[in-house]
Amino acid sequence: MTDLRSLKTLLAVVEYGSIHLAARSIFISHSTASRQIRSLEEHYGTQLFERTSAGVNPTAQCVAVADFARRTIAESELLADSFGEYSGAVETVSIVTSTGLGQTVVADAINRLVRMTDRVQVSIIDRGSVEALQVLRNRRADLCVNFSVSSHEFGTLPGVRKVAEVEATNFAILDGHHPLADRSSLFISDMTDFPVGTLPAGNTARMRIEQAVRAQGQVFSPSLEATCPVLMLRSLVGTSMIAMMAGRTIPTNLNAVGCKAIPIIDPISNRATFRSSKPIRAANPTASTSWWRL
Numbered sequence: 001m002t003d004l005r006s007l008k009t010l011l012a013v014v015e016y017g018s019i020h021l022a023a024r025s026i027f028i029s030h031s032t033a034s035r036q037i038r039s040l041e042e043h044y045g046t047q048l049f050e051r052t053s054a055g056v057n058p059t060a061q062c063v064a065v066a067d068f069a070r071r072t073i074a075e076s077e078l079l080a081d082s083f084g085e086y087s088g089a090v091e092t093v094s095i096v097t098s099t100g101l102g103q104t105v106v107a108d109a110i111n112r113l114v115r116m117t118d119r120v121q122v123s124i125i126d127r128g129s130v131e132a133l134q135v136l137r138n139r140r141a142d143l144c145v146n147f148s149v150s151s152h153e154f155g156t157l158p159g160v161r162k163v164a165e166v167e168a169t170n171f172a173i174l175d176g177h178h179p180l181a182d183r184s185s186l187f188i189s190d191m192t193d194f195p196v197g198t199l200p201a202g203n204t205a206r207m208r209i210e211q212a213v214r215a216q217g218q219v220f221s222p223s224l225e226a227t228c229p230v231l232m233l234r235s236l237v238g239t240s241m242i243a244m245m246a247g248r249t250i251p252t253n254l255n256a257v258g259c260k261a262i263p264i265i266d267p268i269s270n271r272a273t274f275r276s277s278k279p280i281r282a283a284n285p286t287a288s289t290s291w292w293r294l
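See the structure below:
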């Protein structure tokens, strides 16, 4: 009989196409993940993955087992939820989000929630903007707090509904003595003559600046790639580098370190979106209402 841990490992390998990356994502060793996959193959008497130089690809039999795994895990979660209703167990909520939003919007919301109830446990999954919805779609998170761009529609995700959407203005972050520090606003094209700090590939802010640079017939090559806003801010102090950040992710010590935030005029609207794959319950209605108001 297969256990849920092995089935969860199988789904992670299907998602990442790599046993190594899958093991890292669920915090187990590579050898443990490999052993669990081998055990599943022995249990079902068939090869579940084809090994290639680039990773692993699921076989047709693996796709069938993965469908079974999703149903089994979902049924187990529902059963556990039903037990929790009778036992008064603590509700667990998993949130997938970017580092910037996690350090600001999500952290503030969790703080408000913890002040209201001790009956909720929160687990944070840190991913890039594009990866985040994939994590939600694969039922590895209950809520996705993410940036979205109107020109990059992710499509309709089965079982996922949008909870809220708010405007998120983009800013150029630069040292107070930067040549552009006196400007009241900037275009993305203004930034390309200077070293640029931005998020890694796969994030919506990165996509926009790449589009602007390509429109000028150039290739975008950032001087710094980082997911942490604090690291980005400290790195550009006293330099000519410019970082692009959403307003909600700018560190609170911006002025203290002698930096400025200048609005970026961007025709592509950026929004922070909150999507959920299942209702999020809390121990009392007030806490639940506050959570939806993220």
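With UniProt numbering applied, the sequence shown covers 1 to 294.
We treat Cβ as the ideally placed atom computed from N, Cα and C, and that holds for glycine.
Note that the C-beta distance between R183 and D190 is below 9 Å. Closest in C-alpha terms to S53, from the list I173, R234 and H20, comes H20.
Here the region 105-116 does not lie against the region 127-136, with fewer than 3 beta-carbon pairs under 8 Å apart. Counting every other CB atom within 10 Å of its CB across the protein chains shown gives P200 a total below 16, marking it as exposed.
Boundaries of the beta strand (DSSP E) harbouring P263: C259 to I265, taken from the DSSP string. Shown here, R35 sits in a helix according to DSSP, grouped into three states. In the three-state DSSP reduction, M245 falls in the strand class (E or B). For V96, there is no enclosing alpha helix (DSSP H); the enclosing beta strand (DSSP E) has its first and last residue at E91 to T97. Under a 10 Å Cβ-count criterion, V145 is classified as buried, with 16 or more other Cβ atoms of the shown protein chains found around its own Cβ.
For D190, the secondary structure class from DSSP, reduced to helix, strand or coil, is helix. With distances taken between CA atoms, I250 lies nearest to N170 out of R112, V122, L143 and N170. Put simply, of S6, I265, K260 and L133 the residue whose alpha carbon is nearest the alpha carbon of F68 is S6. DSSP, reduced to helix, strand and coil, places D3 outside both helices and strands of the structure shown, so it counts as coil. For N170, the uninterrupted beta strand (DSSP E) segment begins and ends at N170 to D175. Shown here, G100 sits in a helix according to DSSP, grouped into three states.
For L224 against G197, the beta-carbon gap comes to about 4 Å, under 8 Å, which counts as contact. R24: member of the alpha helix (DSSP H) spanning I19 to S25, first to last residue.
For V237, the number of other beta carbons within 10 angstroms of its own is below 16, and it is reported as exposed.
Per DSSP, V230 is one residue of the alpha helix (DSSP H) stretching across P229 to L236.
Contact annotation, V106 with T92: C-beta distance approximately 16 Å; criterion of less than 8 Å not satisfied. Shortest Cα-Cα distance from V56 to any of T99, T72 and A33 involves A33. Using a Cβ distance threshold of 9 Å, A246 and M232 do not count as a contacting pair. Under the three-state reduction of DSSP, I209 is assigned to helix. In the DSSP assignment, V196 falls within the unbroken beta strand (DSSP E) covering V196 to T198.
Counting the other CB atoms within 10 Å of its CB gives A22 a total of 16 or more, which places it among the buried residues.
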